[in-house]
Structures are given as structure tokens and as C-alpha cells.
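Position one of the sequence shown corresponds to residue 180 (the working numbering), numbered consecutively onward.
Where is the CB? At the ideal position from N, CA and C, for every residue including glycine.
Just so it is clear, the structure is predicted and the values come from calculations on it, not from any experiment.
Working notes for the structure below.
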Amino acid sequence: MKTLQSTPRRDGFRMPGEFEPHRGCWMIWPQRPDNWRFGAKPAQEAFTEVAKAISRFEPVTMCVDRQQYDNARQMLPENIRVVEMSNNDAWMRDCGPTFVTNGKEIRGVDWSFNAWGGLVDGLYFPWDEDDRVAGKVCDLERADRYRLRDFVLEGGSIHVDGQGTLIVTEECLLSPGRNPQLNREQIESVLREYLNVDRIIWLPKGIYQDETNGHVDNLLQFAGPGHVLLAWTQDRADPQYEICQEALSILEKERDAKGRPFTITKLLLPANVRITKEESRGVDRVEGTLPRQAGDRLAASYANFYIANGGVVFPLFNDPNDEKAKEVLEKAFPGREVVGVYAREILLGGGNIHCITQQQPLVSQG
Ligand code: KQY
């Protein structure tokens, strides 16, 4: 693996939309007992179900810390590749590489990772092993990488249509724990260079009380160019209501990089999900890690789904809106099989299916 000194834009590489063909999907195995209850056993089962669901559509690689290698290998079916890789937690979307392609080759963008806010409001310390994951994945894939030592970004904070449009939130990208030395224009110029985008749409906020400072991947997802699925609530008493209304009104007025207006499909949120006393008791308390308190509201959203080759894997919360979400996704993704995976255990760790996966694009071999 070479570390390149240029940028994807200069080299003619772009980040593809998630709905474009994949070569596979990368994940990390959960294990830390101060984020996952009961020594991460229930989370490991949930991650196994996600990996199995995705592996029906494309190859899955699971990165596993040394102590968990045997257990993971034994819990995962043999069609899932298991590789030993040190890590601090299990969020491949956020610490893994953002893959870019020129249609013939893939490369990785290796952003700096600081656990969603570093010493300002990060979620755990240290995060050095996570920060090395993207480089290691690129190495295993023989993909050259662009390394940004001084620019913090997580994969869950960006969504692209692969045709020049990027959507982000101000809450996250302008948060004091990421790149406080840069203003909005300077951040935009880094994003234009490294994702090769021309139009950047800023929404004010993500999902209410999302511990990532409002990652866009919990609020919406592109179903294809010009089509966005937006998390939605009709409950005016919920603080989420204003957030959704604002996002909708911006998206309705916006155009994408090709000048198209957006088709916006609403994806109703589940009812408020909160941590139970029993769930909170299962998590170790460690100074420096965000505690999991009984009664805390969780940032549950059906927008946190993964688009695979021929499939969509979305979270189930045991909520009446599970079925409605499935119907919306089936309509938005004709020709893909929509598969629900019960995801409360992932949510209890602070994220969901999209946050624990990272797609690797397919390139033609010619
Ligand atoms: O992208 C995400 N939603 C990850 C959340 C990380 C939470 C760490 N406890």
C-alpha cells in the first residue's frame, strides 16, 4: 500500500453511492464491556445476524481483536472471512476507509479518527487502534490510500450520491471536537478534494441526542441519485419534529450537483426507545467512556440501513413502524430484497447497522 500525496479529485477518483455495486463489506467485531452489555455477548449475536444477512448478497470480512478471534470464528459462518485486527470498538463505518474509485482501481481515504470528538466530547479514550484500522484495511485490499493526519471525519457523517452531491450536518462537521481550526469553507474544500464532490448540502442537525453529534447516516440515506429517504416523525411534541421539518424544507429547496430536485420519501421513526435499568446494569462503568444510564433516549432510526448488492439490510426495533419501514424500503429499492435484523443490541452501543458496516466498491477488472 502506498500513501499518496495528491487527492482523489486531482487523480480522477470519486466516492461512489452506496447503491452502486460492491465488491464486499467490512465490519469489526464488538467486545468492549464498557460499551456493550454483558461482555458484548448479545451484541456479538446481533453483529453475527447482520453479517449473515449481508453475506447473502456480497462477501463480508469481519475484523476481530486477538482475544476474540477464536470466539468470532466459531460464531460466524464459514463464508464470512475473519481477520485479526486490533481496534478500540466496532464502528467500521466511522474508522474504516472511505473508498474512492476511478472505475478501474479503488483507493482508500484514511481520515483521522478521534472517537467522535476527541478530548472535547469523544465517547472513549484511547482511540489509537481505531485510527489505524483504515490503513490496515487498505493494506489488506492492496488499495493505495490518502491519509489526512490533520482532518477528523467519520464515514457516518457523510452521504454521497456518487454524482457529485454530498449531504452533511452542521451539528457534526462544525462540532468543536472535530476540526475547530477550520471554518465551514475550509471544511468544504477538504471534502471537495477528497470525495470529489461539487455540491455540498448542509442540514442543521441529525437525530435528536445522537451521541455522534448528529451523523447524517442516521437521518437519511440516498436510495439513488436524486432520491433521499428521510427519517420522519409526526409527533409535534418530540424535539425530533423540528429537526425533521427543517431538513425537509432545506432538501425541498435544494438541487443536487446535476441540478435535479430531490424526491424525498419519509421513513417514520420508531417510538422513543430508552435504555432499561436491566440493560444499563449490564454495561461496565469506566472513566472516559460515555456511561449508559437507565432512561437515556437512544437514537433509533430506520435510515441507518445498509445497501448491499441486490439487498437492503435494515434495523428492526420491535416497533409497529418496523413493517412500515420495510414497505417504504421495498418501494424505494425495487429489485433488492429487504431484510430486517433485530438491532436493539447495536442501538444500545450507540449506533446501528449502517454504522457497523463499510462497503467496498466493485471496479471493473479491465
Ligand atoms: O456511527 C455511530 N453511530 C457510532 C456510534 C458510536 C458509539 C460509541 N459508543
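Closest Cα partner of residue i within the set the options
{"i": "residue 529", "options": "541, 504, 468 and 241", "result": "468"}
{"i": "residue 536", "options": "242, 213 and 218", "result": "242"}
{"i": "residue 185", "options": "273, 278, 244 and 326", "result": "326"}
{"i": "residue 449", "options": "393, 387 and 510", "result": "387"}
{"i": "residue 441", "options": "401, 416, 462 and 479", "result": "401"}
{"i": "residue 342", "options": "392, 278, 437 and 474", "result": "437"}
{"i": "residue 496", "options": "484, 444 and 297", "result": "484"}
{"i": "residue 521", "options": "335, 364, 498 and 315", "result": "498"}
{"i": "residue 369", "options": "291, 509 and 470", "result": "291"}
{"i": "residue 518", "options": "349, 489 and 398", "result": "489"}
{"i": "residue 277", "options": "302, 336 and 301", "result": "336"}
{"i": "residue 285", "options": "511, 320, 328 and 425", "result": "320"}
{"i": "residue 367", "options": "432, 523, 379 and 254", "result": "379"}
{"i": "residue 429", "options": "222, 347, 273 and 458", "result": "347"}
Coarse secondary structure for residue i, derived from DSSP in three states
{"i": "residue 498", "result": "coil"}
{"i": "residue 418", "result": "helix"}
{"i": "residue 545", "result": "In this predicted model, residue 545 has a pLDDT of only 48, less than 50, meaning its place in the structure is not dependable; the value taken from the coordinates is given anyway. If DSSP states are grouped into helix, strand and coil, residue 545 belongs with coil."}
{"i": "residue 393", "result": "coil"}
{"i": "residue 376", "result": "coil"}
{"i": "residue 291", "result": "strand"}
{"i": "residue 334", "result": "helix"}
{"i": "residue 349", "result": "helix"}
{"i": "residue 274", "result": "helix"}
{"i": "residue 285", "result": "strand"}
{"i": "residue 539", "result": "strand"}
{"i": "residue 189", "result": "helix"}
{"i": "residue 523", "result": "helix"}
Chain C contact for residue i (CB, 8 Å cutoff)
{"i": "residue 232", "result": "Judged by its chain identifiers, the structure shown contains no chain C, having just a single protein chain."}
Distance cut-off 7 Å: residue i Cβ against heavy atoms of the ligand KQY
{"i": "residue 391", "result": "yes"}
{"i": "residue 335", "result": "yes"}
{"i": "residue 273", "result": "yes"}
{"i": "residue 306", "result": "no"}
{"i": "residue 529", "result": "yes"}
{"i": "residue 534", "result": "yes"}
{"i": "residue 302", "result": "yes"}
{"i": "residue 409", "result": "no"}
{"i": "residue 469", "result": "yes"}
{"i": "residue 394", "result": "yes"}
{"i": "residue 290", "result": "no"}
{"i": "residue 208", "result": "no"}
{"i": "residue 270", "result": "yes"}
{"i": "residue 214", "result": "yes"}
{"i": "residue 205", "result": "no"}
Inter-residue Cα distance where the pair is residue i and residue j
{"i": "residue 311", "j": "residue 333", "result": "13 Å"}
{"i": "residue 545", "j": "residue 376", "result": "The predicted model places residue 545 with a pLDDT of 48, which falls under 50 and marks its position as unreliable; any figure quoted below should be read in that light. Answer to the nearest angstrom: the Cα atoms are 25 Å apart."}
{"i": "residue 411", "j": "residue 423", "result": "6 Å"}
{"i": "residue 513", "j": "residue 305", "result": "43 Å"}
{"i": "residue 264", "j": "residue 280", "result": "25 Å"}
{"i": "residue 206", "j": "residue 270", "result": "7 Å"}
{"i": "residue 434", "j": "residue 338", "result": "15 Å"}
{"i": "residue 217", "j": "residue 289", "result": "32 Å"}
{"i": "residue 445", "j": "residue 501", "result": "14 Å"}
{"i": "residue 526", "j": "residue 396", "result": "14 Å"}
{"i": "residue 193", "j": "residue 406", "result": "19 Å"}
{"i": "residue 382", "j": "residue 390", "result": "17 Å"}
{"i": "residue 293", "j": "residue 313", "result": "13 Å"}
{"i": "residue 251", "j": "residue 352", "result": "34 Å"}
{"i": "residue 473", "j": "residue 456", "result": "5 Å"}
{"i": "residue 416", "j": "residue 510", "result": "29 Å"}
Exercise for the section: Just list the alpha helix (DSSP H) runs in the segment 205-253, keeping only unbroken ones of 4 residues or longer that don't cross its boundaries, in chain order. Expected result: 220-234
Practice task
With a floor of 3 residues, list each beta strand (DSSP E) that falls wholly inside the segment 438-521, ordered by position along the chain.
Solution key: Along the segment 438-521, the beta strand (DSSP E) occurs as fully enclosed runs of 3 or more residues at 442-447, 485-487, 490-495 and 516-521, listed in sequence order.
Practice task
Note down, one range per segment and in chain order, each alpha helix (DSSP H) of at least 4 residues found wholly within the segment 304-328.
Solution key: 307-310 and 312-319
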